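**Q**
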Amino acid sequence: MPDEASASAIAPEQTRPVHDDSRLTWTVTEAAMLLGISRASAYEAAHRGELPVRVIGRRMLVPRVALLRLLSERS
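FYI, the working numbering numbers position 65 of the sequence shown as 79, with every residue one higher than the one before it.
Right, dumping it as structure tokens:
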């Protein structure tokens with residue numbers, strides 16, 4: 015059974031609901047989960063410009079509307 019120290023080590027984006035329609039952005043990790051790709055693949059796609067991201071400070075955020083638009087264009 016996990017102790018409190020290991021439970022607090024879980025990253026915040028792993029505990030938030032990804033399907034929250036009120037959020038304007040997703041983290042790259044959340045976007046990867048939604049797309050069914052690995053976190054590393056999502057970061058690689060972001061660096062190549064294939065995944066739309068906005069950098070705020072040291073964070074890379076994926077705008078929800080941009081990702082949905084991207085997916086609807088390619089289908």
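C-beta atoms are modelled at their ideal positions from N, C-alpha and C, and glycine is treated no differently. As the structure is a prediction and not an experimental result, all values here were calculated from the model.
Please check if any C-beta of chain D sits within less than 9 Å of the C-beta of D34.
**A** In summary, chain D is missing from the structure at hand, where a single protein chain is found.
**Q** Helix or strand or just coil, what does DSSP make of V42?
**A** Correct three-state label for V42: helix.
**Q** Per DSSP, what are the beta-bridge partners of L81 in this structure?
**A** Paired residue(s): none; L81 is not in a bridge.
**Q** Restricting to runs no shorter than 3 residues, where is the beta strand (DSSP E) found entirely within the segment 47 to 73?
**A** The qualifying runs are 68 to 70.
**Q** From this set, D34, D35, W40, which residue's C-alpha is nearest L75's C-alpha?
**A** Selected option, being the one with the closest Cα: W40.
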